[in-house]
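Step one of this worksheet: look at the structure below.
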């Protein structure tokens with residue numbers, strides 16, 4: 307018998323890969339985040355897009371503060387649009403995640419995209435002068451000098467005051483942003499809600515594109531996605547019935 311050696315994967319992951327090829331089914335709930343991540347990378351390598359998409363959806367439920375940047379870097383590298391969109395949305399609502407060593411390891415273009423997205427998120431009520439200054443310095447200084455909140459809190463404050471101000475600012479930023487998600491959409495809907503809708507739209511478009519193909523104009527898919535309130539099944543019904 308001829309032996310075929312598969313590199314850069316484990317027997318367990320490759321077994322799941324083969325199971326999917328034969329059955330077309332994947333129980334993402336039964337796998338760990340690491341297993342799904344490895345399986346997604348393997349499916350990308352062998353261009354099994356349906357499996358890659360299933361892994362993306364499975365990994366969305368594993369996104370948290372510890373895993374989001376790892377997932378984001380991986381999704382950005384292999385073009386996993388749905389997972390990437392979900393990770394960006396999570397980071398935008400938890401901006402203090404940017405104050406980590408792992409964030410500094412992300413590609414410069416991806417860091418810039420995250421900065422822009424967080425700046426774009428507007429709270430419903432005014433930001434204090436102190437917090438406004440901190441945000442401006444944090445996002446406008448060059449990366450080499452603004453990688454941490456400690457650089458934002460300039461010299462002149464004692465250590466205890468700096469730590470207290472740092473924690474207070476982080477808490478206030480999170481409250482300002484997360485509070486928007488408890489508000490019902492209105493005619494003057496907030497930027498956070500707009501961001502949420504954008505993330506839902508991009509997720510819906512990616513799934514539609516996977517089904518109907520690349521030849522369909524984006525404008526057409528956006529039209530049916532909005533009409534279906536981002537529900538893929540309804541959007542498909544609209545698309546095929548029109």
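In our numbering, the protein residues as written are 307 to 548. The C-beta atom is built at its ideal place from N, Cα and C for all residues, glycine as well. Predicted, not measured: the structure shown is a model, and the values here were computed from it.
Selection from the options that minimises the alpha carbon distance to residue i
| i | options | result |
| --- | --- | --- |
| residue 379 | 365, 513, 409 | 409 |
| residue 398 | 308, 421, 332 | 421 |
| residue 250 | 368, 373, 372, 314 | Because the chain in this structure spans residues 307 to 548, residue 250 falls outside the shown range and cannot be described. |
| residue 352 | 407, 512, 412, 312 | 312 |
| residue 332 | 377, 356, 418 | 356 |
| residue 367 | 343, 547, 538 | 343 |
| residue 326 | 354, 308, 524 | 354 |
| residue 396 | 371, 524, 341, 381 | 371 |
| residue 382 | 403, 407, 412 | 412 |
Distance between residue j and residue i (C-alpha atoms, nearest Å)
| i | j | result |
| --- | --- | --- |
| residue 375 | residue 318 | 25 Å |
| residue 414 | residue 508 | 22 Å |
| residue 455 | residue 405 | Residue placement at residue 455 is flagged as unreliable, the pLDDT there being 45, under the threshold of 50; the coordinate-derived value follows with that caveat. Computed Cα separation, rounded: 7 Å. |
| residue 384 | residue 362 | 11 Å |
| residue 494 | residue 369 | Bear in mind that the predicted position of residue 494 carries a pLDDT of just 42, short of 50, making it unreliable; the figure below should be weighed with that in mind. The alpha-carbon atoms of residue 494 and residue 369 are separated by roughly 30 Å. |
| residue 416 | residue 309 | 41 Å |
| residue 542 | residue 517 | 9 Å |
| residue 347 | residue 373 | 16 Å |
| residue 360 | residue 377 | 15 Å |
| residue 515 | residue 529 | 13 Å |
| residue 419 | residue 401 | 13 Å |
| residue 524 | residue 335 | 32 Å |
| residue 522 | residue 341 | 34 Å |
| residue 324 | residue 330 | 10 Å |
| residue 425 | residue 407 | 21 Å |
| residue 403 | residue 328 | 40 Å |
C-beta atoms of residue i and residue j nearer than 8 Å
| i | j | result |
| --- | --- | --- |
| residue 423 | residue 394 | yes |
| residue 510 | residue 545 | no |
| residue 386 | residue 358 | yes |
| residue 534 | residue 526 | no |
| residue 364 | residue 320 | no |
| residue 392 | residue 531 | no |
| residue 345 | residue 316 | no |
| residue 538 | residue 520 | no |
Helix, strand or coil at residue i [DSSP, three-state]
| i | result |
| --- | --- |
| residue 488 | Because the pLDDT at residue 488 is just 43, under 50, the model does not fix this residue reliably, and the value given afterwards should be weighed accordingly. Here residue 488 sits in helix by DSSP. |
| residue 373 | coil |
| residue 367 | coil |
| residue 338 | coil |
| residue 549 | In the structure as shown, the chain begins at 307 and stops at 548. Residue 549 is therefore absent and cannot be evaluated. |
| residue 497 | Here residue 497 scores only 48 on pLDDT, less than 50, and its place in the model should not be relied on; the value that follows carries that caveat. Three-state result, residue 497: helix. |
| residue 405 | coil |
| residue 344 | helix |
| residue 352 | coil |
| residue 508 | helix |
| residue 358 | helix |
| residue 539 | helix |
| residue 429 | Unreliable placement is indicated for residue 429, whose pLDDT of 47 sits below 50; no coordinate value is reported for it. |
| residue 530 | helix |
| residue 516 | helix |
| residue 394 | helix |
| residue 310 | coil |
| residue 522 | coil |
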